[in-house]
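J.: After the structure tokens below, expect a handful of questions from me.
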Amino acid sequence: MSEAPAVRLVEVHKAYRRGAQRVPVLAGITFDIAAGEFLALMGPSGSGKSTLLNLIAGIDQADSGDVIVAGENLARLPERLLADWRATHVGFIFQFYNLMPVLTAYENVQLPLLLTDLPRRERRAHVEHALSLVGLADRMSHYPNELSGGQQQRVAIARALITDPPLIVADEPTGDLDRESAADVLHMMQALNRELGKTIIMVTHDQRAADHAHSIMRLDKGVLWSNPDDAAAVQPAGQG
Amino acid sequence: MRAVPLAYSLRNLWTRRLTTVLTAGGMALVVFVFAAVLMLDQGLKDTLVATGAVDNAVLIRRGSGTEIQSGIERAQIGIVEAQPQVALGAGGTALASREVVVLIGLAKRGAPDSVANVVVRGVGAVGLSLRPQLRITEGREFRPGSDEIIVAHNIRRRFEGADLGQTLSFGGRSWRIVGLFDAGGSGFDSEVWGDADQFMQAFRRNGYSALVVKLNDPEAFDAFLLGIESDPRLTVEAKREPVFYADQSQAMSTFLTVLGLALSIIFSVGAVIGAMITMYAAVAARVGEIGTLRALGFRAGGVLLAFLLESLLLSLVGAAVGLAAASLLQTYTVSTMNFQSFSELAFGFRLTTAIVLKTLAFSLVMGLAGGLLPALRAARMNIVEALRAA
Ligand SMILES: Nc1ncnc2c1ncn2[C@@H]1O[C@H](COP(=O)(O)OP(=O)(O)OP(=O)(O)O)[C@@H](O)[C@H]1O
Ligand SMILES: [Mg+2]
């Protein structure tokens, strides 16, 4: 456990303004997530789970406090550099897959690689490998609307891991899937964590999904609570 | 900056092809008008410039503007013909054509009540040989000193009784058509030619309208001009023949371009607004995709470029269709009033590389104008809000 944490949050505050009213969402959150952790983030609707995840993923900015991910203090990066940082450090998995409907599975997975200097031939090898990892080697030229929800989410997983980022964030990745597809997706995420050593933060409402993680944290009323049933919640469980 | 792949923009246009076709169609219409005006202006210029040869000089009375309004006394003609820069023909006579230019009214073919002005040109003995672009295609040349005339094909086609072997009446006499000619798309293609002295008598003129001389050498024009302008006995002005006819077209050319460009600009406002509405709709429909692209690491500039590109591609489709339609105009001949001479002049639409490039630039400007604000909206979108909207 001597490794630097993958994510360090220090006194993070975030509020939204609704008209003249100020709605506090995160009220001084402080915690670390170790590298190689698979963390499930739970809590009631509107508790700020997505907000917290977005801060860690570098697509939103805290009002105050430090968000340090992979050694980088995100508040200090201007948006242009933050975009470049996301391209190399974070893989995204969304509830509704968020594939580009006009691009094939192959092209969707390749998209983040277009932000690198990788030559076409190597891109091809990477994309084919990633798609075979998620069991879709035979669906490369399919468009998203020719794939089932579960298959689309597997394409999205391939897209999330294609640049080999240390961190993967997933906001309700199984929220739109039937139980069987959800289980597939969760097993794949476990494999990413175990075999490729990715740090994963997953927001979920589903206890069954959360059970696939090493640890569970609950967010409520702007504050993080570690699960009393899960002794190791705040202290990262380390490599599985 | 890393760009969103071109396929993304192209396929989105294809996905909403009905909107694409309608929007590009609006742009195509504007492009068509824009290109057609430039082509017409080009056709007019080509026609009038082809009317002249560089080593010919045209002289008319100073300040008269056109051959029709000009009159030159015989004494002055002699002085001009004696200038050292004037080429000499066999037997040492000056290669000069003393010409009479008058307008007559002729009945249009198929509409005998409708009369249009036609230029009748009487030329000297060398008048034909000074204009090598003029070829007799049927019949023969008129004999000097006779009542014979030759008629351009355009005139034969458009006017009653102007065929080979028929006679035309003007200047109180009848004139027999003994030949038809083609003048290579020049202004002479809308004229009737005969003997200058015969026309002088018929129209009771005592001065010529113009004098056309061939110079020893095209380079000799400046010296020739100096000689003409510095001679106090002369009240004539000289121009190179192509310049003379190009100047004649200036008013019409300006009219066409101003009218045409004004129309294009008014229409283009509509097309740009159309493109803008289409692109705003495209941005609104793809908010989630924009958020996703930004989350994946594409910069705001990359997203801006993708939507701008989409709008530019849209305008290129419009340009291609508009230009293709405009190029079909090349088969038409327009006959219209030449404002300077009030005679009919036939000319065509001419598409040139320069016009294609100008039209492409014009449509890209339309695409840019229509796409910029929507693309800026896409680029400035807040990532989290865009993703929530998905
Ligand atoms: N752009 C915004 N403007 C105003 N309020 C916002 C905005 N985004 C989020 N909020 C508010 O912040 C709070 C937390 O939102 P967040 O999306 O993080 O919740 P969540 O825990 O992910 O909820 P859910 O489980 O329903 O996804 C909510 O009360 C929400 O209404
Ligand atoms: Mg949420």
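Protein chains in written order, with my numbering: chain A, 1 to 240; chain B, 241 to 630.
Even for Gly, the Cβ is constructed at its ideal location relative to N, Cα and C.
Please work out which residues of its chain come closer than 6 angstroms, Cβ to Cβ, to residue 235 of chain A, disregarding the five sequence neighbours upstream and downstream, and give them in chain order.
T.: Sequence index remark: in the first sequence, residue 235 of chain A carries index 235 (1-based). Confidence at residue 235 of chain A is low in this model, with a pLDDT of 39, below 50, so the placement of that residue should be treated as unreliable; the coordinate-derived value is given next. For residue 235 of chain A, where only same-chain residues beyond five positions count, there are no Cβ hits under 6 angstroms.
J.: Which residues in chain B have a C-beta closer than 8 angstroms to the C-beta of residue 112 of chain A? List them in chain order.
T.: Within the first sequence, the letter at position 112 stands for residue 112 of chain A. Those within 8 angstroms of residue 112 of chain A in chain B are 536, 537.
J.: Give the straight-line distance between the Cα atoms of residue 636 of chain B and residue 521 of chain B, rounded to the nearest whole angstrom.
T.: In the structure as shown, chain B starts at 241 and stops at 630, and residue 636 of chain B therefore has no counterpart that could be examined.
J.: Write down the C-beta distance between residue 601 of chain B and residue 527 of chain B rounded to the nearest angstrom, noting that I regard them as a contact closer than 8 angstroms.
T.: Numbered from 1 along the second sequence, position 361 holds the residue referred to as residue 601 of chain B. Numbered from 1 along the second sequence, position 287 holds the residue referred to as residue 527 of chain B. Rounded, the Cβ-Cβ distance is 32 angstroms, inconsistent with contact.
J.: With H, G and I counted as helix, E and B as strand and the rest as coil, what does DSSP make of residue 143 of chain A?
T.: The sequence position of residue 143 of chain A within the first sequence is 143, counting from 1. Residue state, collapsed to three classes: coil.
J.: Can you name the residues of chain A whose CB is closer than 7 angstroms to the CB of residue 529 of chain B?
T.: The residue given as residue 529 of chain B occupies position 289 in the second sequence. Residues of chain A passing the Cβ test: 100.
J.: Could you give the distance in angstroms between the alpha-carbon of residue 168 of chain A and the alpha-carbon of residue 511 of chain B?
T.: Position 168 of the first sequence, counted from the first residue, corresponds to residue 168 of chain A. Position 271 of the second sequence, counted from the first residue, corresponds to residue 511 of chain B. Each residue's alpha carbon lies about 45 angstroms from the other.
J.: Report, in whole angstroms, the separation of the C-beta atoms of residue 134 of chain A and residue 158 of chain A, which I expect to be a contact under 8 angstroms.
T.: Against the first sequence, residue 134 of chain A aligns to sequence position 134. Against the first sequence, residue 158 of chain A aligns to sequence position 158. The Cβ separation is near 5 angstroms, so the contact holds.
J.: Leaving aside the five residues before and after residue 16 of chain A along the sequence, list all residues of the same chain whose C-beta is less than 7 angstroms from its C-beta, in chain order.
T.: Residue 16 of chain A sits at position 16 when you count from the first residue of the first sequence. Excluding positions up to five away in sequence, the list reads 23, 25.
J.: Any heavy atom of ligand 1 within a distance shorter than 7 angstroms of the CB on residue 116 of chain A?
T.: The count along the first sequence starts at 1 and reaches residue 116 of chain A at position 116. Not so, every heavy atom of ligand 1 lies at least 7 angstroms from the Cβ.
J.: Please say whether residue 166 of chain A and residue 62 of chain A have beta carbons closer to each other than 8 angstroms?
T.: Mapped onto the first sequence, residue 62 of chain A falls at position 62. Mapped onto the first sequence, residue 166 of chain A falls at position 166. No. Outside cutoff.
J.: Going by beta-carbon coordinates alone, are residue 504 of chain B and residue 270 of chain B separated by less than 8 angstroms?
T.: Taking the first residue of the second sequence as 1, we reach residue 504 of chain B at position 264. Taking the first residue of the second sequence as 1, we reach residue 270 of chain B at position 30. Yes, they are a contact pair.
J.: Determine the closest residue to residue 614 of chain B out of B/501, B/552, B/363, with distance taken between C-alpha atoms.
T.: Working through the second sequence from its first residue, we reach residue 614 of chain B at position 374. For the residues B/501, B/552, B/363, the minimum Cα distance to residue 614 of chain B belongs to B/552.
J.: Can we count residue 49 of chain A as close to ligand 2, meaning its CB is less than 7 angstroms from some heavy atom?
T.: Within the first sequence, the letter at position 49 stands for residue 49 of chain A. Residue 49 of chain A: yes, Cβ under 7 angstroms from ligand 2.
J.: Do you know how far the Cα of residue 171 of chain A is from the Cα of residue 624 of chain B?
T.: Looking up residue 624 of chain B in the second sequence gives position 384. Looking up residue 171 of chain A in the first sequence gives position 171. One C-alpha to the other measures close to 12 angstroms.
J.: Do three or more CB pairs link the region 137-149 of chain A to the region 192-202 of chain A at distances below 8 angstroms?
T.: As far as the Cβ criterion goes, the region 137-149 of chain A does not touch the region 192-202 of chain A, which means the pair count is below three.
J.: Terminal residues of the continuous beta strand (DSSP E) containing residue 417 of chain B?
T.: As a first step, residue 417 of chain B must be located in the second sequence, where it is residue number 177. Here the beta strand (DSSP E) through residue 417 of chain B covers 413-422.
J.: In chain A, what lies closer than 7 angstroms to residue 252 of chain B by C-beta?
T.: Within the second sequence, residue 252 of chain B is the residue found at index 12, counting from 1. Going along chain A in sequence order, the residues near residue 252 of chain B (Cβ under 7 angstroms) are 102.
J.: Note down, one range per segment and in chain order, each alpha helix (DSSP H) of at least 4 residues found wholly within the region 159-215 of chain A.
T.: Runs found: 179-196, 207-210.
J.: Could you tell me which residues DSSP puts in a beta bridge with residue 433 of chain B?
T.: Residue mapping note: residue 433 of chain B aligns to position 193 of the second sequence, counting from 1. Its beta-bridge partners are B/361, B/390.
J.: Excluding the 5 residues preceding and the 5 following residue 286 of chain B in the sequence, name in chain order all residues of the same chain whose CB lies nearer than 6 angstroms to its CB.
T.: Locating residue 286 of chain B in the second sequence gives position 46, where the first residue counts as 1. So the list reads 590, once near-sequence residues are dropped.
J.: Any C-beta of chain B sitting closer than 8 angstroms to the C-beta of residue 145 of chain A?
T.: Counting from one through the first sequence, the residue named residue 145 of chain A turns up at place 145. Not one chain B Cβ lies under 8 angstroms of residue 145 of chain A.
J.: In whole angstroms, what separates the C-alpha of residue 362 of chain B from that of residue 434 of chain B?
T.: As a first step, residue 362 of chain B is located in the second sequence; it is residue number 122 there, counting from the start. As a first step, residue 434 of chain B is located in the second sequence; it is residue number 194 there, counting from the start. Distance between the alpha carbons of residue 362 of chain B and residue 434 of chain B: 5 angstroms.
J.: Using a Cβ cut-off of 8 angstroms, which residues of the region 57-71 of chain A contact any Cβ in chain B, in chain order?
T.: Flagged, chain order: 57, 59, 60.
J.: Since residue 595 of chain B is in the alpha helix (DSSP H), which residue starts that stretch and which ends it?
T.: As a working mapping, residue 595 of chain B is identified with position 355 in the second sequence. Run containing residue 595 of chain B: 593-620, per the alpha helix (DSSP H) assignment.
J.: I'd like to check one pair, residue 55 of chain A with residue 49 of chain A: are the Cβ atoms closer than 8 angstroms?
T.: By 1-based counting over the first sequence, the position of residue 49 of chain A is 49. By 1-based counting over the first sequence, the position of residue 55 of chain A is 55. No, Cβ-Cβ distance for residue 49 of chain A and residue 55 of chain A is not below 8 angstroms.
J.: I want to check one thing, is the minimum distance from the CB of residue 624 of chain B to the heavy atoms of ligand 2 below 7 angstroms?
T.: Within the second sequence, numbered from 1, the residue matching residue 624 of chain B stands at position 384. Not so, every heavy atom of ligand 2 lies at least 7 angstroms from the Cβ.
J.: I want to know whether the region 464-481 of chain B touches the region 265-284 of chain B - three or more CB-CB distances under 8 angstroms.
T.: No, the region 464-481 of chain B is not in contact with the region 265-284 of chain B.
J.: Measure the C-alpha to C-alpha separation of residue 357 of chain B and residue 430 of chain B and round it to an integer number of angstroms.
T.: Within the second sequence, the letter at position 117 stands for residue 357 of chain B. Within the second sequence, the letter at position 190 stands for residue 430 of chain B. Whole-angstrom Cα-Cα distance: 10 angstroms.
J.: Which word fits residue 254 of chain B, buried or exposed, when buried means at least 16 other C-beta atoms lie within 10 angstroms of its C-beta?
T.: Walking along the second sequence from the start, residue 254 of chain B turns up at place 14. With fewer than 16 Cβ atoms within 10 Å of its Cβ, residue 254 of chain B is classed as exposed.
J.: Does the CB of residue 8 of chain A have a neighbour CB from chain B at under 8 angstroms?
T.: In the first sequence, counting from the first residue as 1, residue 8 of chain A sits at position 8. Answer no: the Cβ-Cβ gap between residue 8 of chain A and chain B never drops below 8 angstroms.
J.: May I ask you to report which of helix, strand or coil DSSP gives residue 54 of chain A?
T.: The residue given as residue 54 of chain A occupies position 54 in the first sequence. If DSSP states are grouped into helix, strand and coil, residue 54 of chain A belongs with the helices.
J.: Helix, strand or coil for residue 10 of chain A? Go by DSSP, reduced to three states.
T.: Mapped onto the first sequence, residue 10 of chain A falls at position 10. Strand, per DSSP.
J.: Taking all protein chains shown into account, decide if residue 449 of chain B is buried (16 or more other Cβ within 10 angstroms of its Cβ) or exposed.
T.: For this step, residue 449 of chain B is matched to residue 209 along the second sequence. Buried is the call here.
J.: Does residue 614 of chain B have its Cβ less than 8 angstroms from a Cβ in chain A?
T.: Against the second sequence, residue 614 of chain B aligns to sequence position 374. No, residue 614 of chain B does not count as interfacial toward chain A.
J.: So with CB distances below 8 angstroms, who are the chain B contacts of residue 37 of chain A?
T.: Taking the first sequence and counting its residues from 1, the one referred to as residue 37 of chain A is at position 37. Near residue 37 of chain A there are no residues of chain B at all, since even the closest Cβ is about 21 angstroms away, more than 8 angstroms.
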